[in-house]
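A.B. asks: Sending over a structure as structure tokens; questions will come in a sec.
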Amino acid sequence: MAAEISYAPVQRRFFTPGVYVLLALVLTAMALAVYRFIFGLESVTNLTNQYPWGLWIGVDVATGVALAAGGFTTSALAHIFHRKRFEAVVRPALLTAMLGYTFVGLGLMLDLGRYYNIWHPAWPTMWQGNSVLFEVGMCVMAYLTVLYSEFAPIACERFIGRVNLPGRLASWNGIVDRVLRSVNGTLGRVMVLLIIAGVVLSCMHQSSLGALMLIAPYKMHALWYTPILPLLFLMSAIAVGYPMVVFESMLASRSFGRKPEMDVLTPLSAFIPIFLGIYMVTKIADLLMRDAYPLLFEGSFQSFMFLLEMGGGVILPFAMLLSSRMRRSSRMLFSASMLVVLGVLINRVNVFIVAYRPPHTQSAYIPSVAEVLITAGLIATLMLVYRVMVTLFPILPKEHPAHLPGDN
Amino acid sequence: MDLNRRRFLQFLGAGAVGGISTAVTPAEASSVENISDGYGVLVDTTECIGCRKCEFACNREHHLTDLPLERYEDTSVFETERWLQANAYTVVNRHPNPENAAKPTFVKSQCLHCLDPACASACLVGALQRQENGAVTYDAWKCMGCRYCMVACPFQVPAYEYGNALTPQVRKCTFCASRTAQEGGLPACVEMCPQNCLTYGKRSELLALAHEKIAGNPELYQDHVYGESEAGGTSWLYLAARPFTELKFQDIGPEPIPHLTETIQHSIFKFGALPLMLYGMLGAVMRIAKGGHGRHAETTAEEEVS
Ligand code: SF4
Ligand code: SF4
Ligand code: SF4
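Keeping their order, the protein sequence lines are chains A and Y. Here the first sequence is numbered in our numbering, starting from 2 and rising by one per residue. Here the second sequence is numbered in our numbering, starting from 1408 and rising by one per residue.
Below you can see the structure in the form of structure tokens.
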């Protein structure tokens, strides 16, 4: 196979029925978001003094960060471990990570009571190094910068030598082109440093995210409360990286009417049972060592959710992906990857919401319709922006000319 | 908790995170022994008659509600448990007495002003801080409204102004910091209490008083001062005639809540040692992998993996 991989903007019809559905979700969420900013959190959420964190923190923020792990895991594989054949998935994974973290930021803005103070943790006089959240916040900010810097050359590549501003601005073409080239050149020289920094920062905040709930030992259900929660978060983030890449690559292929890139995805998926297996064994060992396993059979909602998370989201896909036949079948690979992704989603929701059982509570937290719609709208926006980006920029691998005409 | 922490350290020591045991030192950030002897309040629940004058005083002091004093005589509020709110820094609850229906126990709740407060350790911008005098105070200007403090407080104290769209605040008992700053100033609730129920003073003296009371009347009192050791100690202390768990007090161990997270935080990120090591390791891998790249270019992951 070719060592050099070339990327190209996708040339397909942008508006499909699916896109209209996404647009409808986006508009609904925008209206609700405006409502939230005018009338406050109480008007749209079911949050209470007992349940200060709900769907937005569990899904938009915690799951968003976990599912963006495809970015650092593929970049480590292709650039640090030099498995060049996986180049093809690096750019889409980078784009997903960049958009994912951007939307984590947006989701957080909606959730923060004083969103306009979001910059406070970066201000030295307010640094509070004992806070796990401080560490998470700083790492996420730094990583977001790294992601944008990693992406910038791709944007430059698209326009260098092709800058063509309309009308009177055309006289600026030369200057803009030179600026792009120098940005590209500078970033190119430090790219190695950025790539490693991205991996280190990811390991740091992926694990710290798991340390967040360790400050509430008396409120957390013992099935999830373990001092190695940070390690489990890191392991599950690494384990979900490639399944997420597979899942989203296949979704994109399907939506653009392209063939799934099985020649890359199948070998990539060979890593999944390894990482997922390590996570699975650690998690089971932790249950046994802490003697928490009898709680599995207590028949509570919590025990059900734990079994669902582990059975459906870890053990089942692990067993499926052990077989190389399954990894070669695009349908099986897609299903198994989706299970891992859902498993991590359920895990994050479990840790941040289901396991959290505060005292002096009248009723349990169930997200409001508006909270769900805003979360759905954020995901829809992310998918639309992804679509716009791969149409504008060289992100997906160039298609074989033979496939190009005809379909659609 | 202690056990958890030890396990975590053992775990690090086992090298599972990459042989960084040298970087591990116990959390130095919070150690209750060094904490200055601030002020506190001793609440003797056996003296409380449930008049709710403390609620009235607090609400008036902090402009929370403007209900007139007579309205606090309404005992129907005791039918269901009430809890702290954005506009209620303190509430009194009635707990029925199974042995003597005529003598229920009334308990006043508010922020306990922990010696090593979880809320302050959680707050990423330092909006919540323990003051020298023992009060744990809030600076709304710094706060970004993440509500992590509410997740962290083991006593479920901080409340939030969800209905305020622009400048919502975390709300809890301030220990009347502005009143007590003055010579001889008392918290509003303490000043108003008609019984011998609330005693304001140095925490060490209050503890001595509490144990004196217990020794003086061992038939009446439980031999337990709630807050002496809970969560590493709290400024507000309680005496009761019945086991505290029957009165809906949280059963909290003696280890300060922030210890585990602060230990993890400081052992892993001390001088950035672990991240830097990871950085170096990845850099080395990168060089080596690049060197070997030519030879192995054609190996597939399938082969490498199996
Ligand atoms: S009781 Fe809760 S809010 Fe009050 S100081 Fe302790 S941790 Fe903070
Ligand atoms: S809500 Fe405010 S006070 Fe509470 S942790 Fe967040 S920033 Fe700190
Ligand atoms: S100390 Fe002040 S703020 Fe706290 S309960 Fe008493 S009156 Fe209210």
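The beta-carbon is built from N, C-alpha and C at its ideal position, and this holds for glycine as well.
For A/Y132, return the contacting residues in chain Y, with the cut-off set at a CB-CB distance below 7 Å.
C.D. replies: For the purposes of this step, residue 132 of chain A is taken as residue 131 along the first sequence, with counting starting at 1. This sequence places Ser at residue 132 of chain A; Tyr is not what is there. In chain order: S1528, A1529, C1530 and L1531.
A.B. asks: Quick one: give me the first and last residue of the alpha helix (DSSP H) that A/L100 is part of.
C.D. replies: By 1-based counting over the first sequence, the position of residue 100 of chain A is 99. Per DSSP, A/L100 belongs to the alpha helix (DSSP H) from E88 to D112.
A.B. asks: Can you check which of these residues, A/Q303, A/V345, A/L188 and A/L48, is closest to A/L235 by C-alpha distance?
C.D. replies: The residue labelled residue 235 of chain A in the question sits at position 234 within the first sequence. The shortest Cα separation from A/L235 among A/Q303, A/V345, A/L188 and A/L48 belongs to A/V345.
A.B. asks: So what does DSSP say about A/D178, is it helix, strand or coil?
C.D. replies: Along the first sequence, one-based indexing puts residue 178 of chain A at 177. Three-state DSSP puts A/D178 in a helix.
A.B. asks: Is any heavy atom in ligand 1 found nearer than 8 Å to the beta carbon of Y/A1527?
C.D. replies: In the second sequence, residue 1527 of chain Y corresponds to position 120, counting from 1. Indeed, a heavy atom of ligand 1 lies less than 8 Å from the Cβ.
A.B. asks: How about A/T49: is its C-beta nearer than 9 Å to some C-beta of chain Y?
C.D. replies: Stepping through the first sequence from its first residue, residue 49 of chain A is reached at position 48. With 9 Å as the cut-off, A/T49 counts as an interface residue toward chain Y.
A.B. asks: Take the Cβ of A/E310 as the centre, count every other Cβ of all protein chains shown within 10 Å, and call the residue buried at 16 or more, exposed below.
C.D. replies: Stepping through the first sequence from its first residue, residue 310 of chain A is reached at position 309. Buried, by the Cβ-count rule.
A.B. asks: Express the C-alpha separation of A/P360 and Y/P1433 in angstroms, rounding to a whole number.
C.D. replies: Position 26 of the second sequence, counting from 1, holds the residue named residue 1433 of chain Y. Position 359 of the first sequence, counting from 1, holds the residue named residue 360 of chain A. Residue placement at Y/P1433 is poorly supported in this model, since its pLDDT is 41, which falls under 50; the coordinates are not used for a value here.
A.B. asks: Which chain Y residues sit within Cβ distance under 9 Å of A/V200?
C.D. replies: Walking along the first sequence from the start, residue 200 of chain A turns up at place 199. Here the neighbours are L1685, Y1686 and L1689.
A.B. asks: Can you tell me the Cα-Cα spacing of Y/H1520 and Y/G1541, whole angstroms?
C.D. replies: For the purposes of this step, residue 1520 of chain Y is taken as the residue at position 113 of the second sequence. For the purposes of this step, residue 1541 of chain Y is taken as the residue at position 134 of the second sequence. Straight-line Cα distance between these residues: approximately 7 Å.
A.B. asks: Answer yes or no: does any C-beta atom of chain A fall closer than 9 Å to that of Y/Q1517?
C.D. replies: Stepping through the second sequence from its first residue, residue 1517 of chain Y is reached at position 110. Y/Q1517 does not count as touching chain A.
A.B. asks: Can you tell me whether Y/E1435 is buried or exposed, with buried defined as 16 or more other CB within 10 angstroms of its CB?
C.D. replies: What you label residue 1435 of chain Y is simply residue 28 of the second sequence in a count that begins at 1. Residue placement at Y/E1435 cannot be trusted, given a pLDDT of 42 that sits under 50; what the coordinates show is reported in the next sentence. So Y/E1435 counts as exposed.
A.B. asks: Classify A/I354: buried if its beta carbon has 16 or more other beta carbons within 10 angstroms, exposed otherwise.
C.D. replies: Taking the first sequence and counting its residues from 1, one reaches residue 354 of chain A at position 353. Buried, since its Cβ has 16 or more Cβ neighbours within 10 Å.
A.B. asks: Skipping 5 residues on each side, what residues in its chain have a beta carbon closer than 6 Å to that of Y/Y1569?
C.D. replies: Position 162 of the second sequence, counting from 1, holds the residue named residue 1569 of chain Y. Cβ within range, chain order: n/a, list empty.
A.B. asks: From the DSSP output, read off the bridge partner residues of Y/T1544.
C.D. replies: Indexing the second sequence from 1 puts residue 1544 of chain Y at position 137. Answer by DSSP bridge pairing, in chain order: Y/Q1536.
A.B. asks: Starting from A/Y8, find everything on chain Y with Cβ-Cβ shorter than 7 Å and list it in chain order.
C.D. replies: Your numbering for residue 8 of chain A matches position 7 in the first sequence. Chain Y residues near A/Y8: none, gap ~20 Å exceeds 7 Å.
A.B. asks: Could you check if Y/H1470 is buried or exposed, using at least 16 other CB atoms within 10 Å of its CB as the buried criterion?
C.D. replies: Numbered from 1 along the second sequence, position 63 holds the residue referred to as residue 1470 of chain Y. Exposed, by the Cβ-count rule.
A.B. asks: Alpha carbon to alpha carbon, what distance is there between A/S338 and A/A253?
C.D. replies: Sequence index remark: in the first sequence, residue 253 of chain A carries index 252 (1-based). Sequence index remark: in the first sequence, residue 338 of chain A carries index 337 (1-based). So the two alpha carbons sit approximately 14 Å from each other.
A.B. asks: Under 8 Å between beta-carbons, which chain Y residues line up against A/R115? List them in chain order, please.
C.D. replies: Position 114 of the first sequence, counted from the start, is the residue given in the question as residue 115 of chain A. Ordered by position in chain Y, the residues that pass the 8 Å Cβ test against A/R115 are C1550, M1551, G1552, T1574 and P1575.
A.B. asks: Which residues mark the beginning and the end of the beta strand (DSSP E) in which Y/R1649 is found?
C.D. replies: As a first step, residue 1649 of chain Y must be located in the second sequence, where it is residue number 242. Premise fails: Y/R1649 is in no beta strand (DSSP E) and is neither H nor E.
A.B. asks: Scan the region 199-225 of chain A for residues whose Cβ lies nearer than 9 Å to a Cβ of chain Y and list them as they occur along the chain.
C.D. replies: Those would be V200, V201, L202, C204, M205, S208, S209, A212, L213, M214, L215, I216, A217, P218, Y219 and K220, in chain order.
A.B. asks: Applying a beta-carbon distance threshold of less than 7 Å, which residues of chain A neighbour Y/W1490?
C.D. replies: Counting from one through the second sequence, the residue named residue 1490 of chain Y turns up at place 83. The contacting residues are H361.
A.B. asks: Report the residue from Y/G1447, Y/L1681, Y/Q1538 and Y/M1551 whose alpha carbon sits nearest the alpha carbon of A/L134.
C.D. replies: In the first sequence, residue 134 of chain A corresponds to position 133, counting from 1. Here the closest residue by C-alpha is Y/M1551.
A.B. asks: In the DSSP output, which residue or residues are listed as bridge partners for A/P398?
C.D. replies: For this step, residue 398 of chain A is matched to residue 397 along the first sequence. A/P398 pairs with A/Y8.
A.B. asks: Using a threshold of 8 Å, is the CB atom of Y/H1469 nearer than that to any non-hydrogen atom of ligand 3?
C.D. replies: What you label residue 1469 of chain Y is simply residue 62 of the second sequence in a count that begins at 1. Yes, ligand 3 has a heavy atom inside 8 Å of this Cβ.
A.B. asks: Under 9 Å, do Y/P1682 and A/V201 count as touching if we go by C-beta distance?
C.D. replies: Here residue 1682 of chain Y corresponds to residue number 275 of the second sequence, with the count starting at 1. Here residue 201 of chain A corresponds to residue number 200 of the first sequence, with the count starting at 1. A contact, by the Cβ cut-off of 9 Å.
A.B. asks: Counting contacts by CB-CB distance shorter than 9 Å, is Y/Y1496 in contact with chain A?
C.D. replies: Within the second sequence, numbered from 1, the residue matching residue 1496 of chain Y stands at position 89. No, no contact with chain A.
A.B. asks: Excluding sequence positions up to five away, which residues of its chain have a Cβ less than 6 Å from the Cβ of A/M99?
C.D. replies: Residue mapping note: residue 99 of chain A aligns to position 98 of the first sequence, counting from 1. For A/M99, where only same-chain residues beyond five positions count, the Cβ hits under 6 Å are L148 and F152.
A.B. asks: What residues in its chain sit with their C-beta under 7 Å from that of A/S11, if we drop five residues either side in the sequence?
C.D. replies: Within the first sequence, residue 11 of chain A is the residue found at index 10, counting from 1. Inspection of the sequence shows that residue 11 of chain A is occupied by Val rather than by Ser. F257, V391, T392 and L397, listed in sequence order.
A.B. asks: Would you identify the three-state DSSP class for Y/G1425, choosing helix, strand or coil?
C.D. replies: Translated into the one-based positions of the second sequence, residue 1425 of chain Y becomes position 18. Because the pLDDT of Y/G1425 is 38, which lies under 50, any placement of that residue in the model is unreliable, and the question is left without a value.
A.B. asks: Considering Cα atoms alone, identify which of A/W120, A/A67, A/V62 and A/V180 is closest to A/G428.
C.D. replies: In this structure chain A extends from 2 to 409, so residue 428 of chain A is not present and cannot be described.
A.B. asks: On the CB-based measure, 16 or more other CB atoms within 10 Å of its CB, does A/G167 come out buried or exposed?
C.D. replies: The residue you call residue 167 of chain A lines up with position 166 of the first sequence. Sequence check: residue 167 of chain A is Pro here, not Gly. A/P167 is exposed by the Cβ-count criterion.
A.B. asks: Taking 8 Å as the line, does the beta carbon of Y/C1465 fall inside it for any heavy atom of ligand 3?
C.D. replies: Here the question's residue 1465 of chain Y lines up with position 58 in the second sequence. Yes.
A.B. asks: Considering Y/K1460, what are the terminal residues of the alpha helix (DSSP H) in which it resides?
C.D. replies: Locating residue 1460 of chain Y in the second sequence gives position 53, where the first residue counts as 1. Per DSSP, Y/K1460 belongs to the alpha helix (DSSP H) from K1460 to E1468.
A.B. asks: Which complete alpha helix (DSSP H) runs does the region 231-300 of chain A hold, if anything under 4 residues is left out?
C.D. replies: DSSP runs (the alpha helix (DSSP H)) wholly in the region 231-300 of chain A: 263-270 and 273-290.
A.B. asks: Skipping 5 residues on each side, what residues in its chain have a beta carbon closer than 8 Å to that of A/R349?
C.D. replies: In the first sequence, the residue the question calls residue 349 of chain A occupies position 348. Closer than 8 Å at Cβ, skipping near neighbours: G59, V60, A63, T64 and A67.
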